[in-house]
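Everything below concerns the one structure shown next.
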Amino acid sequence: MSSELYNDGPVVHTPTFIDGTSVEIPELKILKQDGTIYEGSDMPDMDEALALKVYKTLAFHRVLDERMVASQRQGRLSFYMAALGEEAASVGGAAGLKPQDMIMSQYREQGALMFRGFSLENFMNQMFSNEKDLGKGRQMPIHYGSNELNYMTVSSPLGTQIPQATGYAYGQKLQGLDAVTICYFGEGAASEGDFHAGLNMAAVQEAPVIFFCRNNGYAISTPADEQFKGNGIASRGVGYGVKTLRVDGNDILAVIKATQIARKYALEENAPVLIEAMSYRLGAHSTSDDPSGYRTREEEAKWQENDPILRMKNWMLAQNWWDETQETALFEQLREDVLAAVKVSEKIDKPHIDTLITDVYDVPSSQLAAQLEQVKAHVNKYPESYPFTAGKF
Amino acid sequence: MAQMNMLHAINNALDIAMGEDESTLCFGEDVGHFGGVFRATSGLQEKYGKVRCFNTPLVEQGIIGFANGLAAQGSRPIAEIQFADYIFPAFDQIVNEAAKFRYRSGNEFDVGKLTIRSPYGGGIAGGLYHSQSPEAYFAHTPGLKVVIPRNPYQAKGLLLASIRDDNPVIFFEPKRLYRASVGEVPEEDYQLPLGKAEVVQTGSDITLLAWGAQMELLQKAADLAANDGISCEVIDLRSILPWDIETIANSVMKTGRLLVSQEAPLTAGFASEIAATIQQECFLHLESPVERVCGLDTPYPLALEKEYVADHLKIYEAIKRSVNY
């Protein structure tokens with residue numbers, strides 16, 4: 264046993280509790296809501312081209328969310344999850360990384376995938392589970408993934424990606440790659456055992472992984488104060504011996520700066536970093552949720568004043584990197600593109616019946632092949648009951 | 429050829445796998461310097477370094493989550509769960525993650541390089557938390573392969589095949605046989621096929637089927653039955669998932685009778701799946717109901733282990749019951 268593990272305080276002779284209240288957690292803020300910069304701010308490494316890319320990604324994010332929630336309301340789409348009000352956290356995280364870094368997300372980080380360049384068609388084909396979906400129509404809408412873009416396919420079970428990210432990053436280290444893994448999750452998912460497993464193992468196994476917690480205040484209807492005690496998720500990092508940063512999640516410059524610093528540290532020190540991005544989920548958890556049952560309009564209105572996209576726009580205008588004409592044109596074009604893409608994707612065929620049994624194993628077993636033949640014979644017998652596949656094999 | 433016990437054979441297989449591929453890693457609780465509580469990974473850290481063979485914190489869901497990430501990244505993880513009784517904290521990572529990784533991503537990602545090793549089964553006075561046989565839980569999960577060897581030769585060949593297979597494999601090692609089972613094992617590299625049963629002894633009156641440590645008891649019962657003039661065909665299933673329906677069905681069509689024996693409790697065990705499939709495939713060939721000789725539907729006992737287990741005498745009685753039906 265190594266004594267370096269312990270940072271012993273003074274020896275005492277009466278019982279003396281310790282708690283987290285003595286640990287103050289600084290919160291990084293760079294950009295004010297009016298687009299000006301806090302004095303003395305350590306700016307992220309970002310030129311005009313990157314700033315434009317980030318801003319256009321944020322705009323695309325907002326428009327896609329808005330249009331897809333509307334499509335779900337119209338009955339065209341089964342389900343959707345928007346990230347209204349917290350787009351800067353996922354987009355900023357991706358913008359602080361390199362393309363070769365692996366992104367392992369929860370489910371509300373489509374912004375990171377947009378930043379990587381996942382096409383509008385790819386988003387649509389996944390949401391409409393058609394035959395062009397990279398995931399072959401097997402998962403509910405928003406469970407995106409792309410090997411080419413180093414974005415791990417989303418899985419619904421919460422927190423499972425956290426220890427996986429530790430393992431992924433350990434593999435990157437083993438192969439000496441100039442690459443880290445970023446792992447997104449919400450403050451609710453941080454209650455899962457996998458959070459403990461992932462952070463503890465990353466610290467012990469010395470894995471270059473960035474744990475990125477989006478603290479948006481709610482896990483569906485459960486507010487953060489019914490999720491945990493102690494000083495947020497950041498305080499957990501300290502206990503695991505993980506370098507930790509808290510950042511204003513609605514401040515795109517602060518998020519990018521934090522991620523850039525975290526990447527550098529993780530790579531150079533072969534060690535994990537925890538970032539807690541403080542934000543607010545302005546929208547519903549999903550299209551199946553209605554927040555009016557568990558929080559007030561006043562609370563929401565307060566956070567609407569912290570819109571991260573408007574904040575970045577104000578900064579872009581001040582930089583003379585953006586103007587109102589461009590703004591109007593961009594949003595009009597995006598709305599038009601998204602609407603057109605919906606109309607195309609919703610008409611594309613469902614996946615071929617053979618994909619029922621592929622990818623369960625590398626090669627389907629003889630049992631699976633036999634089961635598929637039975638299904639096909641059945642579909643041929645009652646074709647009118649199976650319109651997606653009847654007559655197509 | 430060398431004389432090896434099952435632990436030596438497993439250690440030898442791990443050594444070959446780590447030697448041939450730098451991306452192969454062995455890890456788990458006490459797996460590093462100590463070589464595992466059963467010593468299956470003995471000497472591997474010394475030979476391949478701490479980066480490739482190491483201790484993990486005591487967190488099964490973390491071990492398998494970490495292994496899933498490594499496999500998705502392209503490494504070849506061999507994760508040890510110290511006892512199969514303690515695999516359940518990792519159930520989500522195995523059943524919801526490893527098993528579905530390729531399917532849910534449309535083959536964008538997979539964890540085919542993952543192998544999970546775990547000592548399982550009774551016979552070591554381990555009571556209810558060091559004796560369980562949980563193979564049926566995993567057999568109910570499409571996307572996994574489940575493999576169980578019966579002796580050192582099988583252990584080495586099946587483990588090497590499991591490590592190299594491009595699907596996540598759970599490899600359950602009958603710990604009662606770790607030191608008790610000794611046999612000739614080639615020192616060189618070889619593999620035995622996954623998903624294929626092996627006919628260990630041919631016979632004409634009844635088919636006896638089992639896997640793992642239960643094979644020894646099956647053979648003993650078959651020898652007793654032979655004294656009564658009953659000719660038993662003895663088969664080792666070897667792979668629980670996917671399982672070799674064809675070999676079993678062909679045998680039963682010949683003998684007209686089937687007995688399946690497992691250490692695990694009777695209800696909803698894998699023997700039940702075999703019984704259902706074989707009555708479907710061989711209905712008109714069956715001379716008697718399929719016999720299942722299994723553990724009781726109770727937790728695994730300690731003091732009364734002998735009474736609980738599906739031993740050779742219980743199997744022998746079931747053979748006679750079937751033949752005299």
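Note that the protein sequences, when read in sequence, are chains A and B.
Just add 263 to the spot in the first sequence (first one is 1) and you have our numbering.
Just add 428 to the spot in the second sequence (first one is 1) and you have our numbering.
Backbone N, C-alpha and C fix where the C-beta goes; we use that ideal spot for every residue, glycine too.
Every value quoted in this text rests on a predicted model; they were computed, and no experiment measured them.
Excluding sequence positions up to five away, which residues of its chain have a Cβ less than 7 Å from the Cβ of residue i?
| i | result |
| --- | --- |
| T320(A) | V354, G374, M377 and F378 |
| I519(A) | P307, M309, G355, A358 and G359 |
| L545(A) | L347, G348, E563, W566 and Q567 |
| T618(A) | K399 |
Leaving out five residues on either side along the sequence, give the residues of the same chain with a beta carbon under 6 Å from the beta carbon of residue i.
| i | result |
| --- | --- |
| L686(B) | T635, V680, I706 and V718 |
| M432(B) | P580 and V613 |
| M643(B) | R578 and D664 |
| Y618(B) | G585 |
| A465(A) | T429, V472 and P535 |
| Y447(A) | S368, Q369, E372 and F475 |
Just mark residue i as buried or exposed, buried being the case when its beta carbon has 16 or more other beta carbons within 10 Å.
| i | result |
| --- | --- |
| S621(B) | In the sequence on display, residue 621(B) carries Pro and not Ser. It is exposed - the Cβ of P621(B) has fewer than 16 other Cβ atoms within 10 Å. |
| F342(A) | exposed |
| V479(B) | exposed |
| A363(A) | Checking the sequence, you will find Gln at residue 363(A) rather than Ala. Its Cβ having fewer than 16 others within 10 Å, Q363(A) is exposed. |
| N479(A) | buried |
| R560(A) | exposed |
| Q337(A) | exposed |
| K644(A) | exposed |
| K734(B) | exposed |
| E457(B) | buried |
| T452(B) | buried |
| I438(B) | buried |
| F599(B) | buried |
| A453(A) | buried |
| L712(B) | exposed |
| N655(B) | exposed |
| T277(A) | exposed |
So, helix, strand or coil for residue i, using DSSP?
| i | result |
| --- | --- |
| M432(B) | strand |
| T444(A) | strand |
| F381(A) | coil |
| K624(B) | coil |
| G456(B) | strand |
| R720(B) | strand |
| E450(B) | coil |
| P278(A) | coil |
| D664(B) | strand |
Would you mind telling me which residues of chain A sit closer than 8 Å to residue i, beta carbon to beta carbon, in chain order?
| i | result |
| --- | --- |
| G657(B) | Simply none; closest approach about 37 Å. |
Along chain B, in chain order, which residues have C-beta atoms closer than 8 Å to that of residue i?
| i | result |
| --- | --- |
| A453(A) | Per Cβ cutoff of 8 Å: no residues; A453(A) is ~15 Å from chain B at best. |
| S628(A) | G623 and P670 |
| G504(A) | Here the premise fails: no neighbours, minimum Cβ distance about 12 Å. |
Is residue j closer than 7 Å to residue i when the C-beta atoms are compared?
| i | j | result |
| --- | --- | --- |
| T695(B) | D725(B) | yes |
| G430(A) | E455(A) | no |
| T569(B) | V523(B) | yes |
| I509(B) | E525(B) | no |
| Y744(B) | L646(B) | no |
| G449(A) | Q369(A) | yes |
| Q690(B) | A703(B) | no |
| R509(A) | A525(A) | no |
| L556(B) | Y736(B) | no |
| D514(A) | L347(A) | no |
| S546(B) | A512(B) | yes |
| T675(B) | A638(B) | no |
| G461(A) | I425(A) | yes |
| V539(B) | N496(B) | yes |
By the criterion of Cβ-Cβ separation under 7 Å, what are the contact partners of residue i in chain B?
| i | result |
| --- | --- |
| A460(A) | V487, Q489, G490 and G493 |
| R401(A) | Y531, R532 and G534 |
Cβ-heavy atom distance between residue i and the ligand GDP below 6 Å?
| i | result |
| --- | --- |
| S559(B) | Although the ligand GDP was asked about, the structure shown includes no ligands whatsoever. |
Short of 8 Å in beta carbon distance, which residues of its chain neighbour residue i, apart from the five on each side in sequence? Order them along the chain.
| i | result |
| --- | --- |
| I552(B) | H558, S559, K603 and R604 |
| Q629(B) | Q647, A650, C660, E661 and V662 |
| A738(B) | Q642, L645, S689, Q690, E691, V721, C722 and G723 |
| R339(A) | V605 and E609 |
So that I know if they touch, is there some Cβ in chain C lying closer than 7 Å to that of residue i?
| i | result |
| --- | --- |
| F537(B) | Chain labels in this structure do not include chain C; the protein chains are A and B. |
Residues of chain A with CB closer than 7 Å to the CB of residue i, please, in chain order.
| i | result |
| --- | --- |
| Q521(B) | T423 |
| S503(B) | G434 and L437 |
| S609(B) | Per Cβ cutoff of 7 Å: no residues; S609(B) is ~29 Å from chain A at best. |
| S533(B) | G398, G408 and T416 |
Going along chain A, which residues have a C-beta under 9 Å from residue i?
| i | result |
| --- | --- |
| T484(B) | M464, V467 and Q468 |
Which chain B residues are close to residue i, counting only those with a beta carbon under 9 Å from its beta carbon?
| i | result |
| --- | --- |
| V638(A) | Correct list: empty, because the minimum Cβ distance to chain B is about 15 Å. |
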